[in-house]
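The structure under discussion appears below in the form of structure tokens.
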Amino acid sequence: MNMPLRDVKTAPASTAQTSFSALWRPALVQAFVKLDPRQLKRAPVMLVVELTAIFTTLLCLLPDNQVPTGVALQIALWLWFTVLFANFAEALAEGRGKARADSLKAGSQGLSARRRTAAGSFEVVAATVLRKGDVVRVEAGEMIPGDGEVIEGIAAVNEAAITGESAPVIRESGGDRSAVTGSTRLVSDWLLVRISSNPGESTLDRMIALVEGAKRQKTPNEIALDILLIGLTLIFLIVVVTLQPFAHFAGGAIPTVFLVALLVTLIPTTIGGLLSAIGIAGMDRLVRLNVIARSGRAVEAAGDVHVLMLDKTGTITFGNRRCSAVFAAPGITAKELGEGALYASLADDTAEGKSIVEYLRQLHDFVEPVAGQFQPVAFSAETRLSGIDLGPRRYRKGAVDSVLAFVGMQRLDLPPALAREVDKIAQSGGTPLLVCVDKRLLGVIHLKDVVKPGIRERFAELRKLGIRTVMVTGDNPLTAAAIAAEAGVDDVLAEATPEKKLARIRQEQDEGRLVAMCGDGANDAPALAQADVGMAMNDGTQAAREAANMVDLDSDPTKLLDVVQVGKELLVTRGALTTFSIANDVAKYFAILPALFAAIYPQLGVLNLMQLASPQSAIVSAIVFNALIIVVLIPLALRGVRVKAASAAHLLRRNLLIYGLGGLLVPFAGIKLIDLLLNALQLV
1 MNMPLRDVKT APASTAQTSF SALWRPALVQ AFVKLDPRQL KRAPVMLVVE
51 LTAIFTTLLC LLPDNQVPTG VALQIALWLW FTVLFANFAE ALAEGRGKAR
101 ADSLKAGSQG LSARRRTAAG SFEVVAATVL RKGDVVRVEA GEMIPGDGEV
151 IEGIAAVNEA AITGESAPVI RESGGDRSAV TGSTRLVSDW LLVRISSNPG
201 ESTLDRMIAL VEGAKRQKTP NEIALDILLI GLTLIFLIVV VTLQPFAHFA
251 GGAIPTVFLV ALLVTLIPTT IGGLLSAIGI AGMDRLVRLN VIARSGRAVE
301 AAGDVHVLML DKTGTITFGN RRCSAVFAAP GITAKELGEG ALYASLADDT
351 AEGKSIVEYL RQLHDFVEPV AGQFQPVAFS AETRLSGIDL GPRRYRKGAV
401 DSVLAFVGMQ RLDLPPALAR EVDKIAQSGG TPLLVCVDKR LLGVIHLKDV
451 VKPGIRERFA ELRKLGIRTV MVTGDNPLTA AAIAAEAGVD DVLAEATPEK
501 KLARIRQEQD EGRLVAMCGD GANDAPALAQ ADVGMAMNDG TQAAREAANM
551 VDLDSDPTKL LDVVQVGKEL LVTRGALTTF SIANDVAKYF AILPALFAAI
601 YPQLGVLNLM QLASPQSAIV SAIVFNALII VVLIPLALRG VRVKAASAAH
651 LLRRNLLIYG LGGLLVPFAG IKLIDLLLNA LQLV
């Protein structure tokens, strides 16, 4: 059975982070490769710019007394630079994720698997021939050959190749922790895994496709924006073509080179050149979060989410109840209670027991017995008690009724002060545990599901963005309301069942709202499939992963908040640069139109607000600015516009103020500066 397997070493995902200096050279090469019109047809605006650059280059070879050859050549060169800068931005965005994809590919090449045959024996085959339903055996030190479900065994798995986290996680058959990911490594024991995907469909394949194929994925908003850009381009093309007949009618003529320059400066080249880079950079940010999206539509929907449904356990709270306070019974000192509660918890290996010990050690300096000096009493479902026997003394803690039975008391026998504390803890959503030594009550411990630090502030930020949060929990309404109030969520779905979750999502959608949800269990699958953005945990069930349109490889439910942020940034960045692109065209009208018609209609000279030196200087300055502004905006397109917590109206005002007004003012200053420089260098 222990046949040798071909295996490979994989670098953690974090090693794929690449500096700009390592990216710009291959991106520059790709900028020229992308000049192929077959590639540029995906970006219609830049295809028009390339065609005009070719046309202008040909015009430079023809004699034209109206425009000096040097000026025409400069215009042609800057048109080529405009296309190259746009291609460079796209290639740079693609290159940021390529190193990660290469690392992931290297981790899956040459991988073998030990597949079970119909006779029950095992044969060594290449991982690439595995099909959905095949059963493979993986042993310590070997790589899991593909996504699957553990059907037998328990083992520690190092998922660093996918998640970047070096701490191994436990995977076992049954329950919600049976899913495993291909190209992760067993560090102990063995597993029998039923493969759940065919070649090309695994988590690793989807991640590689997301990185390498981002340039081929277009979301509905991108398609709509493409249609707008194509429409504007056609309109300005018609306008420019009809200008020459109008000029002849007025008894003049416009140099063809100038008309070409006018077309390029009027069409939305800035956003046309950066649109693809914005989308790819957004997907790249998602990959860096270790989140796989099945489609760009899901990322886009995340930016428009109105309602965020989050599980309480593990997302809003830590998931393990922790000791938050202790209350002494009448006549008992705080140190007596602390010592009794500590002793009763020393042998308790649960998270709750450890939290009690940790809490009490911070309050008092106790002399603790060591192992061997006491007899541990493990918790059992029958007694609902745990503790230790230390000599003749018996220290116990547990459920209220169980401890009362242990000491021979009834509920009505509880001292009134202690009874009030027990009721108060229960009403607040906590769990009261009584503590006793022998037949004497010492007090009560308050266990509560602790809300994660900072989560309230994050929910407040989402509220400012117009996103409503809903906590989903199986707790009773009273407990759920107490935790919701502490966490600062907007609404609660208590005693949640799969049917209740599904009904709530459909209700929100029927009222016109987009819903995001995260989950990991099979009972979450219907709701994940129904939600507009459904994010499943990578260590969750296969049913949840297949139903969701996103998978978080780190299995961190709070990541959904970051996904929403990335979606918002993607939409806001696209809107901001579109606003800037359209606004800066206004300044170009004041630069080029007076220059074109100066000889025919001298009165248009009043529109030369920038006091540009000559028609040739005005045309070249506008073309140079048109090319350089793409370069200036590349970092913003790759980084994205940071979205601060604010209402949609505030974000719109900010967008118009910075990118609208900025788009109007920056070109006036930029074109004038370039004009002064060109004339100082006597280039026109």
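Numbering-wise (the UniProt record's numbering), the sequence shown opens with residue 1 and increments by one.
Here a beta-carbon is modelled for each residue, glycine too, at the ideal position from N, C-alpha and C.
These numbers were taken from a predicted model, which means no experiment stands behind them.
Asked: How would you label residue 674, buried or exposed, when you count the other beta carbons within 10 angstroms and need 16 or more for buried?; Found: buried
Asked: For residue 623 and residue 547, I'd like the C-alpha separation in whole angstroms.; Found: 50 angstroms
Asked: Thinking just about the alpha-carbon of each residue, which of 326, 384, 392 and 67 is nearest to the one in residue 400?; Found: 384
Asked: For the ligand GTP, is there any heavy atom lying closer than 7 angstroms to the beta carbon of residue 570?; Found: The ligand content of the structure shown is nil, which means the ligand GTP is not present either.
Asked: By Cβ distance, which residues of its chain are closer than 6 angstroms to residue 353, with the 5 residues on each side in sequence left out?; Found: 345
Asked: Could you tell me if residue 584 is buried or exposed, where buried requires 16 or more neighbouring beta carbons within 10 angstroms of its beta carbon?; Found: buried
Asked: On the premise that residue 148 lies in contact with residue 186, defined as a C-beta separation below 8 angstroms, what is that separation, rounded to the nearest angstrom?; Found: Their Cβ separation, rounded to whole angstroms, is 13 angstroms, which puts residue 186 and residue 148 out of contact at 8 angstroms.
Asked: Taking the straight line between their C-alpha atoms, what separation do you get for residue 35 and residue 58?; Found: 17 angstroms
Asked: Look at the Cβ atom of residue 530, then the Cβ atom of residue 502, and state whether they are nearer than 8 angstroms.; Found: yes
Asked: Can you list, in chain order, the residues of its chain whose CB lies under 7 angstroms from that of residue 417, leaving out five sequence neighbours each side?; Found: 330
Asked: Would the beta-carbon of residue 491 fall within 8 angstroms of that of residue 290?; Found: no
Asked: Return yes when the Cβ of residue 483 is within less than 8 angstroms of the Cβ of residue 308, no when it is not.; Found: no
Asked: Can you give me the C-alpha to C-alpha distance between residue 517 and residue 572, rounded to a whole angstrom?; Found: 22 angstroms
Asked: CA-CA distance, residue 248 and residue 661?; Found: 37 angstroms
Asked: List the endpoints of the continuous beta strand (DSSP E) containing residue 267.; Found: Residue 267 -> no beta strand (DSSP E), and no H or E assigned at all.
Asked: Quick check: what's the CA-CA separation for residue 379 versus residue 644?; Found: 49 angstroms
Asked: Taking C-alpha atoms, which residue in 557, 505 and 508 lies nearest to residue 520?; Found: 557
Asked: Hey, would you say residue 474 sits closer than 8 angstroms to residue 496, going by beta carbons?; Found: yes
Asked: Label residue 512 either buried or exposed according to how many other C-beta atoms from any shown protein chain fall within 10 Å of its C-beta, with 16 as the threshold for buried.; Found: exposed
Asked: Relative to the C-alpha of residue 611, which candidate in 651, 679, 654 and 600 has its C-alpha closest?; Found: 679
Asked: So, under 8 angstroms CB-CB, residue 567 and residue 224 are touching, yes? Tell me the CB distance rounded to an integer number of Å.; Found: Going by Cβ atoms, the distance from residue 567 to residue 224 rounds to 16 angstroms, so no, they are not a contact pair.
Asked: Which residues does DSSP list as the beta-bridge partners of residue 536?; Found: 519 and 551
Asked: Could you give the residue range of the alpha helix (DSSP H) that holds residue 112?; Found: Premise fails: residue 112 lies in the beta strand (DSSP E), 112-116, not in any alpha helix (DSSP H).
Asked: Does DSSP classify residue 659 as helix, strand or coil?; Found: helix
Asked: Where does the unbroken alpha helix (DSSP H) through residue 428 begin, and where does it stop?; Found: Here residue 428 belongs to no alpha helix (DSSP H), and DSSP marks it neither H nor E.
Asked: Going by DSSP in three states, residue 373 sits in which element: helix, strand or coil?; Found: coil
Asked: My output table needs one value for residue 81: the three-state DSSP class, helix, strand or coil.; Found: helix
Asked: Among the residues of its own chain, which have a CB less than 6 angstroms from the CB of residue 327, if the five just before and after it don't count?; Found: 421, 443 and 444
Asked: Give the straight-line distance between the Cα atoms of residue 659 and residue 464, rounded to the nearest whole angstrom.; Found: 22 angstroms
Asked: Which residues in the same chain as residue 60 place their Cβ atom closer than 7 angstroms to its Cβ, once the five residues preceding and following it in sequence are excluded?; Found: 69, 72, 73 and 76
Asked: Could you have a look at residue 178 and say whether DSSP puts it in helix, strand or coil?; Found: coil
Asked: Could you say which of 360, 523, 635 and 194 lies nearest to residue 281 if we only look at CA atoms?; Found: 635
Asked: Using a Cβ-Cβ cut-off of 7 angstroms (strictly less than) and excluding sequence neighbours within five positions of residue 360, which residues of its own chain qualify?; Found: 338, 341 and 342
Asked: Using C-beta distances below 6 angstroms, list every residue in its chain close to residue 376, excluding the 5 sequence neighbours before and after it, in chain order.; Found: 347 and 388
Asked: Express the C-alpha separation of residue 50 and residue 260 in angstroms, rounding to a whole number.; Found: 11 angstroms
Asked: Output yes if chain C places a C-beta closer than 8 angstroms to the C-beta of residue 672; else output no.; Found: Considering every chain present, this structure includes no chain C. It has just one protein chain.
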